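Structure, as structure tokens:
There are 2 protein chains.
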Amino acid sequence: MPRIRHTTLTCSPGCTVEATLELFGGKWKALILYHLFEDGVLRFSEFRRRMPNVTQRMLTNQLRELEADGLISRTVFPEVPPRVEYELTDLGQTLKPVIHALKTWGDKYAHSLKPEKE
Amino acid sequence: MPRIRHTTLTCSPGCTVEATLELFGGKWKALILYHLFEDGVLRFSEFRRRMPNVTQRMLTNQLRELEADGLISRTVFPEVPPRVEYELTDLGQTLKPVIHALKTWGDKYAHSLKPEKE
DNA sequence: GGGCATGGTATCATTCCTGACACTATCGGC
DNA sequence: GCCGATAGTGTCAGGAATGATACCATGCCC
Numbered sequence: 001m002p003r004i005r006h007t008t009l010t011c012s013p014g015c016t017v018e019a020t021l022e023l024f025g026g027k028w029k030a031l032i033l034y035h036l037f038e039d040g041v042l043r044f045s046e047f048r049r050r051m052p053n054v055t056q057r058m059l060t061n062q063l064r065e066l067e068a069d070g071l072i073s074r075t076v077f078p079e080v081p082p083r084v085e086y087e088l089t090d091l092g093q094t095l096k097p098v099i100h101a102l103k104t105w106g107d108k109y110a111h112s113l114k115p116e117k118e
Numbered sequence: 001m002p003r004i005r006h007t008t009l010t011c012s013p014g015c016t017v018e019a020t021l022e023l024f025g026g027k028w029k030a031l032i033l034y035h036l037f038e039d040g041v042l043r044f045s046e047f048r049r050r051m052p053n054v055t056q057r058m059l060t061n062q063l064r065e066l067e068a069d070g071l072i073s074r075t076v077f078p079e080v081p082p083r084v085e086y087e088l089t090d091l092g093q094t095l096k097p098v099i100h101a102l103k104t105w106g107d108k109y110a111h112s113l114k115p116e117k118e
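Protein sequence lines, in the order shown, are assigned to chains C and B. Quick note on the UniProt record's numbering: the first sequence kicks off at 1 and runs consecutively. Quick note on the UniProt record's numbering: the second sequence kicks off at 1 and runs consecutively.
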């Protein structure tokens, strides 16, 4: 449903860069992954607390897409009130250096960007 | 004009991740940067050859945004036919490890993604 | 004097992303 | 029997991101 996936990877030598980016290019996905790297396991409501300006619908969406891509797993506990836990899959774990690189760069250079609007 | 920039970086601990992503989250920006890391200096037409399925308008757009963010520089040579060269700024150079991380991950794992559509 | 190359712009359409808001189920506690 | 908590879903709408297409200026070459 989101952007067209380049599964063939034949477009160009740098195509895998594109492909990787499409995995967590969603507006909140990188943040979701980041929090999972920090905390390990998170419930839906814990995400909401960490990311207050994300609507419930968006959060669900992004989580589902990450799940569909095999980066995170979703475990439902049949309790009342319901409990759902999200954590990284093995594949998701491999993204750690990538997210880490993003974070490191951001911490270092984000302040040196020309302000735009806000 | 694009996504709202988080210049304040006060939203959350992982906000810089977001901020970084917004720099090259454009559909073709990462690819542009990648090619610049590979080739050093590129003319407009050389980008077009390397990325045939990007329209001229999009390419111009993305290049201008990267320039506005201070990641690449644009040099016009007053010749005929005109010549314009793009290269990474010092700030742009610092993104190398990030793009590299994306590429490395993609090369390793992109094939193991569930195919979607295409 | 027509065609080509370069590096674009302008305009319009469409598709996709994102957000607001309302609504649902269940069970326990008061 | 009403409220709250949790983890959502459904529908609608607005705006942003992207694409298609056509157009422009210049000077050289033939």
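Every residue gets a Cβ at the ideal spot worked out from N, C-alpha and C, and that includes glycine. Note that this is a predicted model, so its numbers are computed, not measured.
Query	Result
Residue burial classification, residue 68 (chain B) (beta-carbon count within 10 angstroms, cutoff 16)	exposed
Cβ distance (whole Å) where residue 21 (chain C) is taken to contact residue 102 (chain B) below 8 Å	6 Å
Residue span of the beta strand (DSSP E) that contains residue 88 (chain B), given as start and end	83-88
Residue-chain proximity (residue 122 (chain B), chain C), Cβ-Cβ < 8 Å	The first residue shown for chain B is 1 and the last is 118, placing residue 122 (chain B) beyond what the model contains.
DSSP state of residue 102 (chain B) mapped onto helix, strand, coil	helix
Under the three-state DSSP convention, the category residue 6 (chain C) falls into	Only weak support exists for where residue 6 (chain C) lies, its pLDDT of 48 falling under 50; the coordinates are left without a value.
Beta bridge counterpart(s) of residue 72 (chain C) as assigned by DSSP	C:88
Nearest residue (CA-CA) to residue 83 (chain B), options B:106, B:41, B:95 and B:107	B:41
Under 7 Å (Cβ pairs) to chain C, residues found in the stretch 74-105 of chain B	91, 94, 95, 97, 98, 99, 101, 102, 103 and 105
Short CB-CB distance (under 8 Å) between residue 107 (chain B) and chain C	yes
Environment of residue 18 (chain B) [buried if 16+ CB atoms lie within 10 Å]	buried
Residue 25 (chain C) at chain B interface by Cβ criterion, 8 Å	yes
Simplified DSSP assignment, three categories, for residue 42 (chain C)	strand
Same chain, Cβ closer than 6 Å to residue 26 (chain C), five either side skipped, listed in chain order	62
Interface flag, residue 17 (chain B) vs chain C, CB-CB below 8 Å	yes
Closer than 7 Å: residue 17 (chain B) CB and nearest the ligand NAD heavy atom	The ligand NAD is not part of this structure, which contains no ligands at all.
Buried or exposed by the 16-neighbour rule on C-beta atoms within 10 Å, applied to residue 108 (chain B)	exposed
For residue 90 (chain C), the nearest candidate out of C:97, C:77, C:54 and C:72 (CA to CA)	C:72
Selected residue, minimal CA-CA separation from residue 65 (chain B), among B:112, B:23, B:36 and B:16	B:23
Under 9 Å from the C-beta of residue 112 (chain B): neighbouring residues of chain C	70 and 91
8 Å Cβ cutoff, residue 21 (chain B) in contact with chain C	yes
Assigned exposure category for residue 74 (chain B) - 16 Cβ within 10 Å defines buried	exposed
Cβ-based neighbour list, residue 88 (chain C), same chain, cut-off 6 Å, excluding 5 preceding and 5 following	36 and 72
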